[in-house]
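Enquirer: Mind looking over this structure? Questions follow.
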Amino acid sequence: MIHRFLPLVVTIAVLVVGFLLCAMQFPNFASLRVVGNLLTDNAFLGITAIGMTFVILSGGIDLSVGAVIGFTTVLLAVLIEQGGWDPPAAFAAALLAAALFGAAMGAIIHVFRMPPFIVTLAGMFVARGMAFVLTTDSLPINHPLYGDLNDVAWRFDGGGKLSLPAMILLSVLALAVVLAHWTRFGANLYALGGNRQSAELMGVPVARTTVAVYTLSGLLAGLAGIVFSLYTGAGYSLAATGVELDTITAVVIGGTQLTGGYGYVLGTFAGVLIQGLIQTYITFDGTLSSWWTKIAIGALLFVFILLQKGLLAAWTGRGGEPAEA
Amino acid sequence: MSRNWLTSATTTAATAMTALLIGLGSAQAADGKLVVGFSQIGSESGWRAAETKTAKAEAQKRGIDLKISDAQQKQENQIKAVRSFVAQGVDAIFIAPVVATGWDAVLKEAKEAKIPVVLLDRQIDTKDQSLYMTAVTSDTVHEGRVAGEWLAKQTGGKCAVVELQGTVGSSPAINRKKGFDEVVAKTPGMTIIRTQSGDFTRAKGKEVMESFIKAEDGGKRICAVYAHNDDMAVGAIQAIKEAGLKPGKDILVVSIDGVPDIFKAMAEGEANATVELTPNMAGPAYDALVAFKKDGKAPPKWIKTESALFTPDTAKAEYERRKDAY
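Right under this line is the structure:
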């Protein structure tokens with residue numbers, strides 16, 4: 083039984099050990115403030131990565147998420163500042179647009195049997211391009227509600243706080259765990275990612291599941307865009323460039339197999355926090371080039387892929403299958 | 127079997143992580159020193175790299191412990207860095223903001239933690255001016271004025287100038303033009319006969335200068351070229367040479383920024399003056415901070431850096447002094 087959870091356990095162990103090491107070196111590290119910051123600063127990344135986990139579990143990939151975040155921030159800024167919309171209405175419109183965008187990609191992938199890589203790559207260019215068509219400037223959002231939402235927080239002693247983005251992240255995580263492991267949709271997803279043919283024979287609604295998973299990813303990217311616009315109080319067409327790669331990294335470090343059918347949402351969450359942890363460490367140190375973040379994450383990614391390969395070899399060597407419920 | 131796997135894999139991963147962290151590790155600040163966290167945009171240009179280098183050198187001079195975070199051109203990285211600096215409890219935070227908007231929330235956190243914030247080299251858009259202590263930037267209008275005044279003095283107030291503007295609509299281009307125009311307006315013999323954008327680049331500077339020379343009777347009617355940055359001036363020098371004229375003599379060359387290449391051109395007699403945009407933004411910021419920490423005296427909201435004019439007499443020495451910083 084235990085080997086099924088092994089990648090997850092390793093990821094969480096790395097996170098805990100890493101945090102302890104940082105705390106040993108910097109006394110201020112082991113504080114609720116740092117933990118709160120980790121959740122707040124990585125909320126948009128975490129929300130997107132959770133969506134990406136579902137896509138990868140289904141055997142696909144979604145390269146458009148970063149561009150969708152950028153587009154959402156610009157759309158919100160234009161609607162609220164130039165169109166005079168109420169932020170809640172703008173949020174709803176942005177979520178709808180992002181979800182429809184995802185659904186369209188899912189439909190294209192399924193109907194035309196196109197590789198998700200190509201379809202979502204095209205989606206990435208389209209979304210980023212649309213953001214630039216709306217505006218090339220960084221548009222500030224000055225609506226008073228933005229200030230109020232940024233003040234929403236559960237404050238701890240010592241300056242730490244659980245901000246609204248952090249709360250959204252944790253709620254999305256909880257819902258995602260339920261969705262993945264206790265619903266029909268979740269079961270279909272794992273089956274589809276594990277083996278498409280057998281899933282079809284088993285009666286899994288492949289079309290519906292495929293469209294649904296990209297819709298979900300688009301929706302979560304849209305939500306991440308809202309969080310990002312709260313975070314910076316602005317819409318910027320270059321926002322969140324490269325986030326799609328950061329999320330894929332988080333998903334893989336979290337123990338999900340890129341081929342699909344195997345992995346955990348919780349692992350992705352730990353993967354996101356590991357990336358945040360490395361970045362925080364480098365800022366705390368203050369003498370290192372920030373590019374060490376990329377190098378450390380790259381090295382870690384490599385180690386995890388090797389680990390997965392090793393595990394797979396061990397299973398097949400014993401005639402077992404990394405089966406998943 | 128599976129337990130072995132678990133143990134060995136966990137150890138491997140943990141060891142890898144430890145190795146990484148120890149490999150990267152370094153000591154924390156000694157007690158009593160001022161600790162400043164500096165969120166830098168990135169290292170996209172020679173000037174930006176020089177700013178970072180100068181910030182380090184100036185910190186060392188004053189015994190300040192400087193922590194630098196390179197944001198790789200991303201605002202989210204800058205916000206994360208500022209939050210980390212707050213969590214770390216630094217004594218002050220310097221930010222060279224990559225964009226003007228979106229700083230209110232994170233600066234509020236710094237304010238709540240009573241950590242003074244200094245903006246370097248660029249201003250931000252905010253309604254709440256109390257979110258930062260001061261901004262250290264150059265006065266770009268003044269830069270244009272200094273260039274204009276030098277030229278007016280040099281030519282006895284009689285000069286037909288062609289102007290190479292920066293990127294259309296960018297604030298340094300607008301302001302550097304404004305300052306120069308002020309001088310032209312009050313100097314009756316001085317006129318701008320042609321003006322066009324060279325986009326702050328060498329290639330465009332050369333191209334536009336070529337067309338100016340063609341349009342002005344092979345350059346005979348041009349007394350001087352005023353370029354909004356050194357790069358365009360370097361391009362213009364090339365164009366003047368190719369037209370068979372002597373840059374620095376037949377056509378005077380004056381520009382702004384003070385990058386090493388223009389000092390080289392001046393040392394060779396091909397350019398006449400440059401107004402420096404100093405990469406030393408951190409120095410004045412440290413001084414303001416030290417004064418603030420000592421007796422609580424808040425500095426003015428805008429600290430203007432000096433816009434010093436350099437001419438060929440010192441060019442060789444200045445080039446030697448600069449070429450390593452850039």
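Those protein sequences? They're chains X and G, same order as listed. Note that this note's numbering has the first sequence beginning at 83, numbered continuously upward. Note that this note's numbering has the second sequence beginning at 127, numbered continuously upward. Using N, Cα and C, we set each Cβ at its ideal position, and we do this for glycine too.
#1: Can you tell me the Cα-Cα spacing of Thr-440 of chain G and Met-392 of chain G, whole angstroms?
#2: I need the straight-line Cα distance from Gln-199 of chain G to Ala-207 of chain G, nearest angstrom please.
#3: Output the distance between the C-alpha atoms of Pro-373 of chain G and Lys-346 of chain G, rounded to the nearest integer angstrom.
#4: Please list, in chain order, all residues of the same chain as Val-160 of chain X whose beta carbon is under 6 Å from its beta carbon, the five residues on each side excluded.
#5: Do Ser-146 of chain X and Ala-209 of chain X come within 7 Å of each other at the CB atom, strictly closer than that value?
#6: Report the CB separation of Leu-274 of chain X from Gly-141 of chain X in whole angstroms; it is logged as a contact under 8 Å.
#7: For a minimum of 3 consecutive residues, which ranges assigned as the beta strand (DSSP E) are wholly contained in the region 311 to 338 of chain G?
#8: Closest to Gln-249 of chain G by C-alpha separation, out of G:Gln-214, G:Glu-184, G:Pro-298, G:Val-294, would be which residue?
#9: Using C-beta distances below 6 Å, list every residue in its chain close to Phe-199 of chain X, excluding the 5 sequence neighbours before and after it, in chain order.
#10: Tell me where the alpha helix (DSSP H) around Asp-230 of chain G begins and ends.
#11: Which two residues bound the contiguous beta strand (DSSP E) that contains Gly-163 of chain G?
#12: Hey, Leu-158 of chain X and Ile-308 of chain X are a contact pair by Cβ (cut 8 Å); roughly how many whole angstroms apart?
#13: Could you spell out the range, first to last residue, of the beta strand (DSSP E) harbouring Glu-402 of chain G?
#14: How long is the line joining the alpha carbons of Ser-195 of chain G and Phe-326 of chain G, rounded to whole angstroms?
#15: Mind reading off the beta-carbon distance from Cys-349 of chain G to Val-294 of chain G? Whole number of angstroms is fine, and I expect it under 8 Å.
#16: Quick check on DSSP: helix, strand or coil for Tyr-313 of chain X?
#17: Are Lys-243 of chain X and Gly-128 of chain X touching if we call contact CB-CB under 7 Å?
#18: How about Thr-93 of chain X and Gly-349 of chain X: do their beta carbons lie closer than 7 Å?
#19: Tell me whether the beta-carbon of Tyr-258 of chain G lies closer than 7 Å to the beta-carbon of Val-272 of chain G.
#20: Have a look at Val-401 of chain G and Val-212 of chain G and give me their C-alpha separation to the nearest angstrom.
#21: Pairs of beta-carbons, one from the region 305 to 325 of chain X and one from the region 228 to 237 of chain X, closer than 8 Å: are there three or more?
#22: When the Cα atoms are used, what is the spatial distance from Ala-395 of chain X to Leu-139 of chain X?
#23: What is the DSSP secondary structure of Lys-243 of chain X, counted as helix, strand or coil?
#24: Counting only Cβ pairs nearer than 8 Å, list the residues of chain G close to Arg-115 of chain X.
#25: According to DSSP, is Trp-173 of chain G part of a helix, a strand, or is it coil?
#26: Starting from Asp-251 of chain G, find everything on chain X with Cβ-Cβ shorter than 8 Å and list it in chain order.
#27: Tell me the residue span of the beta strand (DSSP E) that contains Lys-430 of chain G.
#28: Under 8 Å between beta-carbons, which chain X residues line up against Ile-205 of chain G? List them in chain order, please.
#29: Grouping DSSP H, G and I as helix and E and B as strand, with all else coil, what is Ala-155 of chain G?
#30: How is Cys-349 of chain G classed by DSSP in three states: helix, strand or coil?
#31: Please confirm whether Gly-368 of chain X has its beta-carbon closer than 7 Å to some beta-carbon of chain G.
#32: From Arg-115 of chain X to Glu-235 of chain G, what distance separates their C-alpha atoms?
#33: Do Ala-226 of chain G and Asp-251 of chain G have their C-beta atoms within less than 7 Å of each other?
#34: Quick one: which residues of the region 178 to 189 of chain G get their C-beta closer than 8 Å to a C-beta of chain X? List them in chain order.
#35: By alpha-carbon positions, which one of G:Leu-378, G:Glu-336, G:Ala-261, G:Gly-331 ends up nearest to Thr-431 of chain G?
#36: So which residues of chain G does Gly-241 of chain X contact, with C-beta pairs closer than 7 Å?
Expert: Let me lay it out:
#1: Walking along the second sequence from the start, residue 440 of chain G turns up at place 314. Walking along the second sequence from the start, residue 392 of chain G turns up at place 266. Each residue's alpha carbon lies about 9 Å from the other.
#2: As a first step, residue 199 of chain G is located in the second sequence; it is residue number 73 there, counting from the start. As a first step, residue 207 of chain G is located in the second sequence; it is residue number 81 there, counting from the start. Gln-199 of chain G and Ala-207 of chain G: Cα-Cα distance of roughly 13 Å.
#3: Taking the second sequence and counting its residues from 1, the one referred to as residue 373 of chain G is at position 247. Taking the second sequence and counting its residues from 1, the one referred to as residue 346 of chain G is at position 220. Taking the straight line from one Cα to the other gives about 12 Å.
#4: As a working mapping, residue 160 of chain X is identified with position 78 in the first sequence. Excluding sequence neighbours, Val-160 of chain X sits near Leu-216.
#5: In the first sequence, residue 209 of chain X corresponds to position 127, counting from 1. In the first sequence, residue 146 of chain X corresponds to position 64, counting from 1. Yes; because the gap between Cβ atoms is below 7 Å, this pair is in contact.
#6: Against the first sequence, residue 274 of chain X aligns to sequence position 192. Against the first sequence, residue 141 of chain X aligns to sequence position 59. So it is a contact: roughly 6 Å between Cβ atoms.
#7: 316 to 323
#8: Numbered from its first residue, the second sequence carries residue 249 of chain G at position 123. Looking at the Cα atoms, G:Pro-298 is the closest of the given residues.
#9: Locating residue 199 of chain X in the first sequence gives position 117, where the first residue counts as 1. These residues qualify, in order along the chain: Ile-143.
#10: Locating residue 230 of chain G in the second sequence gives position 104, where the first residue counts as 1. First-last of the alpha helix (DSSP H) with Asp-230 of chain G: 230 to 238.
#11: For this step, residue 163 of chain G is matched to residue 37 along the second sequence. Unbroken beta strand (DSSP E) run through Gly-163 of chain G: 161 to 166.
#12: Numbered from its first residue, the first sequence carries residue 158 of chain X at position 76. Numbered from its first residue, the first sequence carries residue 308 of chain X at position 226. Their Cβ separation, rounded to whole angstroms, is 7 Å, which keeps Leu-158 of chain X and Ile-308 of chain X in contact under 8 Å.
#13: In the second sequence, counting from the first residue as 1, residue 402 of chain G sits at position 276. 399 to 402 is the span of the beta strand (DSSP E), which, as asked, contains Glu-402 of chain G.
#14: Your numbering for residue 195 of chain G matches position 69 in the second sequence. Your numbering for residue 326 of chain G matches position 200 in the second sequence. The alpha-carbon atoms of Ser-195 of chain G and Phe-326 of chain G are separated by roughly 28 Å.
#15: Taking the second sequence and counting its residues from 1, the one referred to as residue 349 of chain G is at position 223. Taking the second sequence and counting its residues from 1, the one referred to as residue 294 of chain G is at position 168. Wrong, their Cβ atoms sit about 25 Å apart, outside the cutoff.
#16: As a first step, residue 313 of chain X must be located in the first sequence, where it is residue number 231. The answer is helix: DSSP assigns Tyr-313 of chain X an H, G or I state.
#17: Counting from one through the first sequence, the residue named residue 243 of chain X turns up at place 161. Counting from one through the first sequence, the residue named residue 128 of chain X turns up at place 46. No, Cβ-Cβ distance for Lys-243 of chain X and Gly-128 of chain X is not below 7 Å.
#18: Residue numbering aside, residue 93 of chain X sits at position 11 when the first sequence is read from its first letter. Residue numbering aside, residue 349 of chain X sits at position 267 when the first sequence is read from its first letter. Against a cut-off of 7 Å, the Cβ pair of Gly-349 of chain X and Thr-93 of chain X comes out as a contact.
#19: Stepping through the second sequence from its first residue, residue 258 of chain G is reached at position 132. Stepping through the second sequence from its first residue, residue 272 of chain G is reached at position 146. Going by C-beta atoms, Tyr-258 of chain G is not nearer than 7 Å to Val-272 of chain G.
#20: Along the second sequence, read from residue 1 onward, the residue named residue 401 of chain G stands at position 275. Along the second sequence, read from residue 1 onward, the residue named residue 212 of chain G stands at position 86. Rounded to whole angstroms, Val-401 of chain G to Val-212 of chain G spans 37 Å at the Cα level.
#21: yes
#22: Start at 1 with the first residue of the first sequence, and residue 395 of chain X comes out as number 313. Start at 1 with the first residue of the first sequence, and residue 139 of chain X comes out as number 57. Taking the straight line joining both Cα atoms gives about 20 Å.
#23: As a working note, residue 243 of chain X is residue 161 in the first sequence. In the structure shown, Lys-243 of chain X sits in a strand (DSSP, three-state: E or B).
#24: By one-based count along the first sequence, residue 115 of chain X stands at place 33. Going along chain G in sequence order, the residues near Arg-115 of chain X (Cβ under 8 Å) are Val-212, Ala-213.
#25: As a working mapping, residue 173 of chain G is identified with position 47 in the second sequence. The answer is helix: DSSP assigns Trp-173 of chain G an H, G or I state.
#26: Locating residue 251 of chain G in the second sequence gives position 125, where the first residue counts as 1. By Cβ distance, chain X contributes Pro-222.
#27: Here the question's residue 430 of chain G lines up with position 304 in the second sequence. Lys-430 of chain G -> beta strand (DSSP E) spans 428 to 431.
#28: Stepping through the second sequence from its first residue, residue 205 of chain G is reached at position 79. Per Cβ cutoff of 8 Å: Asp-123, Tyr-313, Thr-314.
#29: Locating residue 155 of chain G in the second sequence gives position 29, counting from the first residue. Interpretation of Ala-155 of chain G is limited by its pLDDT of 44, a score under 50 that renders its predicted location unreliable; the figure taken from the coordinates is listed afterwards. In this structure, Ala-155 of chain G counts as coil in the three-state DSSP scheme.
#30: Locating residue 349 of chain G in the second sequence gives position 223, where the first residue counts as 1. Looking at Cys-349 of chain G - three-state DSSP - the assignment turns out to be coil, as it is neither helix nor strand.
#31: Locating residue 368 of chain X in the first sequence gives position 286, where the first residue counts as 1. Taking Cβ atoms only, chain G reaches closer than 7 Å to Gly-368 of chain X, which makes this a yes.
#32: Indexing the first sequence from 1 puts residue 115 of chain X at position 33. Indexing the second sequence from 1 puts residue 235 of chain G at position 109. For Arg-115 of chain X and Glu-235 of chain G, the distance between alpha carbons rounds to 11 Å.
#33: Looking up residue 226 of chain G in the second sequence gives position 100. Looking up residue 251 of chain G in the second sequence gives position 125. Yes, the Cβ-Cβ distance between Ala-226 of chain G and Asp-251 of chain G is below 7 Å.
#34: none
#35: Position 305 of the second sequence, counting from 1, holds the residue named residue 431 of chain G. Nearest option by C-alpha distance: G:Ala-261.
#36: Counted from its first residue, the first sequence places residue 241 of chain X at position 159. Ordered by position in chain G, the residues that pass the 7 Å Cβ test against Gly-241 of chain X are Ala-239.
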